[in-house]
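Written out below as structure tokens is the structure these notes cover.
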Amino acid sequence: MAATKDPRPCSIADTLALVGEKYSLLVLREVCLGNGRFDQLVRNIGAPRDVLATRLRRLVEAGILTRHAYSERPQRFEYRPTGAGLELEPVLLTLMAWGDRHLRADADRPMVIEHACGHELVPVVTCATCGDAVRHEGLAAHSQTPGWTVRGRSAGLL
């Protein structure tokens, strides 16, 4: 089956086009941990220097990271998350929790995040209106794109 030339309009796809490239989320992980200098990023991520430079440039252009000079001679920069970058941190924490549950033994977790309350953070997605935890059974999708339904393209547009 051939790929559709006009796939479903999707914010997930749009976001993945920006942060789904290899190493991009790992760059964000490191910057959120306070490791924003290029050499730290190379060491902690293991990305080739040229690939890392490309990812950093793209994340800065997209407004996810900012670049701040920390040395004039030689000129060197560190990267920090913007507000938009910090909004992705819960995504990272949720991915980490999923990986801990499904890919690692409990004693084999490489990192634990402590919440300000002093307890280990267990991220949960909640509804901003009612505060209930989000569960698959409680969700109902509604397409907002003309010509599309939740199941796919409307029959008249095929």
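One rule links them: number in the numbering used here = place in the sequence shown (from 1) + 161. Each residue gets a CB set at the ideal place from its N, CA and C atoms; glycine is no exception. All figures in this text were calculated on a predicted structure; none of them were measured in a lab.
- Beta-bridge partners of G313 (DSSP): T310.
- When Cβ pairs closer than 8 Å are counted between the two stretches, the segment 216-230 is seen to touch the segment 168-187, the count reaching three or more.
- Scanning its chain for C-beta atoms nearer than 6 Å, with the 5 sequence neighbours on each side dropped, one finds around E239 the residues G197, R198, H229 and Y231, in chain order.
- For Y240, the beta-bridge partners assigned by DSSP are R228.
- Taking 8 Å as the upper bound for CB-CB distance, C193 and E250 are in contact here, some 5 Å apart.
- For V188, the enclosing alpha helix (DSSP H) starts and ends at S185 to C193.
- With respect to the 9 Å criterion, T255 and R241 are not classified as neighbours on the basis of their beta carbons.
- Annotated three-state conformation of T215 is helix, per DSSP.
- In the structure shown, R262 adopts helical secondary structure according to DSSP, grouped into three states.
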